[in-house]
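Under my numbering, the first residue of the sequence shown is numbered 82, with each subsequent residue one higher.
Even glycine gets a Cβ: it sits at the ideal position worked out from N, Cα and C.
Remember, it's a predicted structure, so these values are computed and weren't measured experimentally.
Some notes on the structure that comes next.
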Amino acid sequence: MSGGFTPYPAACAAMAARAAAVAAGEAPECVWLVEHPPLYTAGVSADDTDLVAPGRFPVFKSERGGQFTYHGPGQRVAYPIMDLRLRGRDVRAFVRDVEAWAIKTLAAFNVRGERRDGRVGVWVDRTQPGGAMREDKIAAIGVRIRKWVSFHGLSLNVEPDLAHFDGIVPCGISEPGLGVTSLVDLGLPVSMGDADAALRRSFETVFARATIEADDQALLCETPRDVSKAI
């Protein structure tokens with residue numbers, strides 16, 4: 082885990098280096114938890130017209146899948162650097178496991194997170210009886226696979242400034258009734274430490290069968306040691 086705010090370019094360099102080391106058998110898998118300063122990232126499918134306020138925050142090109150997203154204070158970003166050669170080389174199954182990880186984390190706070198066909202990420206149904214449909218995204222997912230090792234990953238909205246999402250069309254989704262939410266926006270007094278504890282427990286539930294290291298230490302780890310100077 083990294084304290085303070087981790088610059089996005091340094092995080093990308095750290096992830097790429099760790100993923101290469103995992104692919105070469107020179108480092109163990111790792112899940113890296115960070116918090117970024119306010120910024121927008123453009124995934125490989127990003128449409129430039131979805132950047133509504135280009136001068137608001139720094140914008141970074143990203144190797145991850147998906148379109149535009151926001152990262153910033155109050156949002157926990159989890160980067161699982163994991164060897165899919167140990168998991169049947171199934172990218173779709175891995176993405177669904179990352180979604181399940183987010184859903185189980187939310188369940189720890191009695192929040193029902195759900196998948197939606199055609200919409201990547203995890204959503205919360207906020208439709209009121211007799212009212213128009215409203216669903217808000219609470220967790221975004223965008224991964225990159227190189228030599229069967231994953232990097233990039235999951236962002237969970239704990240208590241970010243939701244107005245910061247107004248500078249983009251998040252994930253290219255602009256249909257009426259679809260928005261963005263957070264645990265605190267849902268009325269839950271959840272701290273980042275609470276979220277981290279839930280992420281750890283739910284990770285072990287979803288991934289434990291294949292991802293606990295031989296020395297029986299949990300996979301959730303500190304800043305990747307071999308690239309810590311870059312951060």
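Buried/exposed call for residue i, threshold 16 Cβ in 10 Å
{"i": "Pro-270", "result": "exposed"}
{"i": "Met-163", "result": "buried"}
{"i": "Thr-186", "result": "buried"}
{"i": "Leu-300", "result": "Only weak support is given to the placement of Leu-300: the predicted model assigns it a pLDDT of 39, under 50, and the value that follows is read from those uncertain coordinates. By the neighbour-count rule (16 or more Cβ atoms within 10 Å), Leu-300 is buried."}
{"i": "Gln-209", "result": "exposed"}
{"i": "Asn-191", "result": "exposed"}
{"i": "Gly-85", "result": "exposed"}
{"i": "Ala-279", "result": "buried"}
{"i": "Thr-122", "result": "buried"}
{"i": "Arg-157", "result": "buried"}
{"i": "Val-230", "result": "buried"}
{"i": "Ala-159", "result": "buried"}
Helix, strand or coil at residue i [DSSP, three-state]
{"i": "Thr-130", "result": "helix"}
{"i": "Arg-207", "result": "coil"}
{"i": "Phe-138", "result": "coil"}
{"i": "Val-265", "result": "coil"}
{"i": "Lys-310", "result": "With a pLDDT of 28 at Lys-310, under the threshold of 50, the predicted position of this residue should be treated as unreliable, and no value is reported."}
{"i": "Glu-216", "result": "strand"}
{"i": "Ala-236", "result": "Per the sequence shown, residue 236 should be read as Ser rather than Ala. In this structure, Ser-236 counts as strand in the three-state DSSP scheme."}
{"i": "Arg-225", "result": "strand"}
{"i": "Phe-246", "result": "helix"}
Residue i to residue j span [Cα, whole Å]
{"i": "Ala-97", "j": "Ala-104", "result": "11 Å"}
{"i": "Gly-169", "j": "Ile-226", "result": "14 Å"}
{"i": "Phe-284", "j": "Arg-145", "result": "21 Å"}
{"i": "Val-261", "j": "Leu-243", "result": "7 Å"}
{"i": "Arg-290", "j": "Asn-238", "result": "For Arg-290, the pLDDT reaches just 49, beneath the cut-off of 50, and the residue's location in the model is therefore unreliable, although a value from the coordinates is still provided. Looking at the two C-alpha atoms, the distance is approximately 27 Å."}
{"i": "Pro-161", "j": "Asp-131", "result": "27 Å"}
Check whether residue i and residue j have beta carbons under 8 Å apart
{"i": "Val-205", "j": "Ala-183", "result": "no"}
{"i": "Gly-194", "j": "Ile-219", "result": "yes"}
{"i": "Asp-178", "j": "Val-287", "result": "yes"}
{"i": "Arg-215", "j": "Arg-207", "result": "yes"}
{"i": "His-245", "j": "Pro-119", "result": "yes"}
{"i": "Val-224", "j": "Gly-234", "result": "yes"}
Span of the alpha helix (DSSP H), counted from its first residue to its last, around residue i
{"i": "Ala-159", "result": "Note, Ala-159: premise wrong, no alpha helix (DSSP H); beta strand (DSSP E) at 156 to 162."}
{"i": "Leu-187", "result": "172 to 188"}
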